[in-house]
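Undergrad: This is the structure I want to talk about, given as structure tokens.
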Amino acid sequence: MNKPTASHSGWKLGQIFLDAALRDNIVLAQAIGVCPIILAGTDLKNGVVLTVCTLLVLLPVSFLMSLVGKHVPNWLHPVLYTVTAAILLAGAAFVLNNFISTSLYAQLHLFIPLMAVNTIFTYRAGGFSIGNRPSAAIADALGSSFGFGLVICVVSAFRELMRANTIWGIAVPVEIGLPQAAEPFMAFILLGLMAACLQQWVKHRHADDDDLPLITEEEVAADE
Amino acid sequence: MEPIITPSLRVGRSVISYSFDVILLVACLTIYSYVLYGLRPVFLTLIAIGTALLCEAIACLLGKRRLTFGDGTAMVTGGLIAMMMSPLTPAWVIIVATAFAILIAKMPFGGSGRNVFNPAAAGVAVVTLCFPHRVFIYPNPDQGLRLLWDTSAVIPQASVAATLKDGGASFETPLNMLFGNTPGAIGTTALLVLLAGLIYLACRRTVTLHAFIAYILTCTVLALLFPRTEGDLLTGVLLELTSGFLVFGGIFLLNDPTTTPHHPSGRVIFGIVTGVMVMLLRHFGRFEDGVCFAILLVNPLSSVIDRWSWQMTHFVEKRWLHRE
Numbered sequence: 347m348n349k350p351t352a353s354h355s356g357w358k359l360g361q362i363f364l365d366a367a368l369r370d371n372i373v374l375a376q377a378i379g380v381c382p383i384i385l386a387g388t389d390l391k392n393g394v395v396l397t398v399c400t401l402l403v404l405l406p407v408s409f410l411m412s413l414v415g416k417h418v419p420n421w422l423h424p425v426l427y428t429v430t431a432a433i434l435l436a437g438a439a440f441v442l443n444n445f446i447s448t449s450l451y452a453q454l455h456l457f458i459p460l461m462a463v464n465t466i467f468t469y470r471a472g473g474f475s476i477g478n479r480p481s482a483a484i485a486d487a488l489g490s491s492f493g494f495g496l497v498i499c500v501v502s503a504f505r506e507l508m509r510a511n512t513i514w515g516i517a518v519p520v521e522i523g524l525p526q527a528a529e530p531f532m533a534f535i536l537l538g539l540m541a542a543c544l545q546q547w548v549k550h551r552h553a554d555d556d557d558l559p560l561i562t563e564e565e566v567a568a569d570e
Numbered sequence: 117m118e119p120i121i122t123p124s125l126r127v128g129r130s131v132i133s134y135s136f137d138v139i140l141l142v143a144c145l146t147i148y149s150y151v152l153y154g155l156r157p158v159f160l161t162l163i164a165i166g167t168a169l170l171c172e173a174i175a176c177l178l179g180k181r182r183l184t185f186g187d188g189t190a191m192v193t194g195g196l197i198a199m200m201m202s203p204l205t206p207a208w209v210i211i212v213a214t215a216f217a218i219l220i221a222k223m224p225f226g227g228s229g230r231n232v233f234n235p236a237a238a239g240v241a242v243v244t245l246c247f248p249h250r251v252f253i254y255p256n257p258d259q260g261l262r263l264l265w266d267t268s269a270v271i272p273q274a275s276v277a278a279t280l281k282d283g284g285a286s287f288e289t290p291l292n293m294l295f296g297n298t299p300g301a302i303g304t305t306a307l308l309v310l311l312a313g314l315i316y317l318a319c320r321r322t323v324t325l326h327a328f329i330a331y332i333l334t335c336t337v338l339a340l341l342f343p344r345t346e347g348d349l350l351t352g353v354l355l356e357l358t359s360g361f362l363v364f365g366g367i368f369l370l371n372d373p374t375t376t377p378h379h380p381s382g383r384v385i386f387g388i389v390t391g392v393m394v395m396l397l398r399h400f401g402r403f404e405d406g407v408c409f410a411i412l413l414v415n416p417l418s419s420v421i422d423r424w425s426w427q428m429t430h431f432v433e434k435r436w437l438h439r440e
């Protein structure tokens, strides 16, 4: 058993967080969770609500899967993380509707339950978390939510600006007036451009870096 | 034969000769349009080509690359976009379309020979989606307009494609359609010029006719099976084939050397699939014409179609012709 030292572990967790958020961005590099961005990411408020929902759900689900994932049979994994996510999202929807904003809930009432079957949970909670330490799973969940939030906030702010000349409901003196920005094609174009920029940045930044595996096989073996 | 998989471009003389031929045809169509509408189409075409060259230069400078507009593909994109616009379209719409085509649909993919989507189709598709009311407004060519800037006094006419889309009967005769004497875009109505251009391109070996013939046949069959007008079936089919961007797209967008398959049987498949998409979009789409969208939808498939075609050829030659 050669457990990594505390500092090494902390560095590694930071690395997992940063990679999930930026370098292997969940949307731009892994193409996961595109659907809510395309459909609901037309308003910065929607973007923030969906980010918070993702964070609040992905964090406990990932943690749970990293704890119990190895002890339940493989066929039960999807049931486990989908049902947990659905229960948490039902709670989140209740809180949003009753305590935060009924009108926001009216806009998002379709998309919040749909998050439960989002591929974000399939790949992060059902993929990465199983077989990783809980701390790594939490770092990954935080990074993934942060990366998702970054992309959906940028896209929805852009689309809100183009669509209604406002950001967060506040009028800005930029007159674009393109109501078609709320249609899916604009989000696809924005995502494509952002993905291209990310690839360019990664290419420049990591031009001479070795591609280190995040969790070595020894560590996984040590945990088991 | 060496397999060439799309997106790719055979570099060298053939690119420049392709660009030269297409620009020549764009010039012919612009002159024809000058006869019909006056100076405005010429002005719009020049604006589109100028914007395309400027955007290509900007993109090359930003990417710190050698200037690449020598191969003429930027001029081709600009010219084709202008041909698909109405003479009444404001100049800024054409500038937006061309800038989108070059700066987003072409250069980020790596420039000429590497773009997956046809830039001209992408530019027109985006302005169609964003400003449909500024794209599908067509003047009547009979009025002999001499308009350069002010277009507010012109009464827009419904094109034949729009009439077909609304399910109404069109009063245009197919002969009128052939001469381009109907409301339509700058370069897409003059069918005689377009067909003469196709023969010229085929004689110069700039294009092969596989894709075009497969595409037109598919559209004809689908128009026969699912007519959109009541009454004479033959007239309906002829109107369907002569309206909108159908022939123009078949000649210029379907034969783009970068974004369509290279293998002959791949080109036939590409033509058939595009024809089906065009007719589907005409029946169920939101706009009166869906040729640009059809081309964009089929473009990403061309590399797969190309690869399968080469593999099939190889398989057939080995299996039945015993040739290596």
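Sequence order for the protein chains is H and B. For the first sequence, the working numbering begins at 347 and goes up steadily by one. For the second sequence, the working numbering begins at 117 and goes up steadily by one. Even for Gly, the Cβ is constructed at its ideal location relative to N, Cα and C. Predicted, not measured: the structure shown is a model, and the values here were computed from it.
What is the residue span of the alpha helix (DSSP H) that Trp-73 of chain B lies within?
TA: Not covered by the structure: residue 73 of chain B. The range shown for chain B is 117 to 440.
Undergrad: Quick one, which residues of the region 205-225 of chain B are near chain H if we go by CB-CB under 8 Å, in chain order?
TA: Listed by position along the chain: Ile-220 and Pro-224.
Undergrad: Roughly how many angstroms lie between the CA atoms of Ala-168 of chain B and Leu-177 of chain B, to the nearest whole one?
TA: If I take the Cα positions, the gap works out to 14 Å.
Undergrad: With C-beta atoms as the reference, is Phe-363 of chain H less than 7 Å away from Tyr-427 of chain H?
TA: Not in contact: Phe-363 of chain H and Tyr-427 of chain H (Cβ atoms no closer than 7 Å).
Undergrad: Would Ala-217 of chain B pass as a contact of Phe-233 of chain B if the rule is Cβ separation under 7 Å?
TA: Their beta carbons are not under 7 Å apart, which means Ala-217 of chain B does not touch Phe-233 of chain B by this criterion.
Undergrad: By the three-class DSSP mapping on this structure, what secondary structure does Gln-545 of chain H have?
TA: It is helical.
Undergrad: Please state if the CB of Leu-204 of chain B and the CB of Pro-255 of chain B are separated by a distance shorter than 7 Å.
TA: Yes, Cβ-Cβ distance for Pro-255 of chain B and Leu-204 of chain B is below 7 Å.
Undergrad: With DSSP as the reference, identify every bridge partner of Gln-273 of chain B, one or two as the case may be.
TA: Gln-273 of chain B is bridged to B:Tyr-254.
Undergrad: I'd like the list of long-range same chain contacts for Ser-202 of chain B, defined as Cβ closer than 6 Å, with 5 residues on each side in sequence excluded.
TA: Cβ within range, chain order: Ile-253, Tyr-254 and Ala-301.
Undergrad: Taking C-beta pairs closer than 7 Å, name the residues in chain B that Ala-542 of chain H reaches, listed in chain order.
TA: In chain order: Pro-224.
Undergrad: Taking 8 Å as the cut-off, does the region 414-425 of chain B touch the region 343-360 of chain B (at least 3 CB pairs, one atom from each stretch)?
TA: The region 343-360 of chain B is not in contact with the region 414-425 of chain B.
Undergrad: Would you report the Cα separation of Leu-340 of chain B and Asn-444 of chain H, rounded to the nearest angstrom?
TA: Taking the straight line from one Cα to the other gives about 58 Å.
Undergrad: With 9 Å as the C-beta to C-beta threshold (strictly closer), list the residues of the region 425-457 of chain H near chain B in chain order.
TA: Of all residues in the region 425-457 of chain H, none has a Cβ within less than 9 Å of some Cβ in chain B.
Undergrad: Give a yes or no on whether 7 Å exceeds the smallest Cβ distance from Phe-574 of chain H to chain B.
TA: Absent from the structure is residue 574 of chain H, since the part of chain H shown begins at 347 and ends at 570.
Undergrad: Around the C-beta of Val-127 of chain B, are 16 or more other C-beta atoms found within 10 angstroms, so that it is buried, or is it exposed?
TA: Residue confidence is low: Val-127 of chain B scores 49 on pLDDT, short of 50, so the model does not pin down where it sits. Its coordinate-derived value is still stated next. Label assigned to Val-127 of chain B: exposed.
Undergrad: What does the Cβ neighbour count give for Met-199 of chain B, buried or exposed, with the cut at 16 atoms within 10 Å?
TA: With 16 or more Cβ atoms within 10 Å of its Cβ, Met-199 of chain B is classed as buried.
Undergrad: Under 7 Å, CB to CB, which of the residues in the region 498-524 of chain H have a partner in chain B?
TA: Under the 7 Å Cβ criterion, the region 498-524 of chain H contributes Leu-524.
Undergrad: At a cut of 8 Å, does the region 149-161 of chain B reach the region 395-407 of chain B through at least three beta carbon pairs?
TA: The answer is no - the region 395-407 of chain B does not touch the region 149-161 of chain B, with fewer than three Cβ pairs under 8 Å.
Undergrad: Could you give the first and the last residue of the continuous alpha helix (DSSP H) run that contains Asn-511 of chain H?
TA: Unbroken run through Asn-511 of chain H: none, as it is neither H nor E.
Undergrad: If I'm right that Thr-400 of chain H touches Phe-494 of chain H with Cβ under 8 Å, what's the distance once you round it to whole angstroms?
TA: At roughly 6 Å, the Cβ-Cβ gap stays under 8 Å, so Thr-400 of chain H and Phe-494 of chain H are in contact.
Undergrad: Report the neighbours of Cys-246 of chain B on chain H: residues whose CB is nearer than 8 Å to its CB, in chain order.
TA: Ordered by position in chain H, the residues that pass the 8 Å Cβ test against Cys-246 of chain B are Leu-524 and Gln-526.
Undergrad: Quick check: the region 361-381 of chain H against the region 481-498 of chain H, are there 3 or more CB pairs under 8 Å?
TA: The answer is yes - the region 481-498 of chain H touches the region 361-381 of chain H, with three or more Cβ pairs under 8 Å.
Undergrad: In the structure shown, what three-state DSSP assignment does Ala-517 of chain H receive?
TA: Reduced to three states, the DSSP call for Ala-517 of chain H is strand.
Undergrad: Given that a residue counts as buried once 16 or more other Cβ atoms are within 10 Å of its Cβ, and exposed if not, what is Met-428 of chain B?
TA: It counts as exposed.
Undergrad: Thinking just about the alpha-carbon of each residue, which of H:Gly-437, H:Leu-442 and H:Ser-408 is nearest to the one in Val-395 of chain H?
TA: Of the listed residues, the one whose Cα sits closest to Val-395 of chain H is H:Leu-442.
Undergrad: Measuring CA to CA, which of H:Leu-404, H:Gly-538, H:Leu-359 and H:Pro-406 is closest to Pro-224 of chain B?
TA: For Pro-224 of chain B, the nearest C-alpha among the options comes from H:Gly-538.
Undergrad: Looking at the C-beta of Phe-531 of chain H, does it have a partner C-beta in chain B at a distance below 7 Å?
TA: Chain B, which has a Cβ nearer than 7 Å to the Cβ of Phe-531 of chain H, makes this yes.
Undergrad: Any contact between the region 520-528 of chain H and the region 401-420 of chain H? By contact I mean 3 or more CB pairs, one from each, below 8 Å.
TA: Not touching, per the Cβ criterion.
Undergrad: Give me the Cα-Cα distance between Thr-448 of chain H and Gly-387 of chain B, rounded to the nearest whole angstrom.
TA: When rounded, the distance between both Cα atoms is 51 Å.
Undergrad: Under three-state DSSP, which class holds Asp-365 of chain H?
TA: Three-state result, Asp-365 of chain H: helix.
Undergrad: Spatial neighbours of Glu-288 of chain B within its chain, please: C-beta separation below 6 Å, excluding the five flanking residues on both sides.
TA: Contacts found: Val-276 and Thr-298.
Undergrad: Curious, which full-length beta strand (DSSP E) runs of at least 3 residues does the region 462-496 of chain H contain?
TA: As far as the region 462-496 of chain H is concerned, it has no whole beta strand (DSSP E) run of at least 3 residues.
Undergrad: To which residues of the same chain is Ile-121 of chain B closer than 8 Å at the C-beta, ignoring the five residues directly before and after it?
TA: Answer for Ile-121 of chain B: His-378, Ser-419, Asp-422, Arg-423 and Trp-426, listed in chain order.
Undergrad: Given a cut-off of 7 Å on the beta-carbon distance, is the pair Val-243 of chain B and Ala-213 of chain B in contact?
TA: For Val-243 of chain B and Ala-213 of chain B, yes; Cβs fall inside 7 Å.
Undergrad: When DSSP labels each residue in this structure, what does Leu-437 of chain B get in the three-state scheme?
TA: It is coil, neither helix nor strand.
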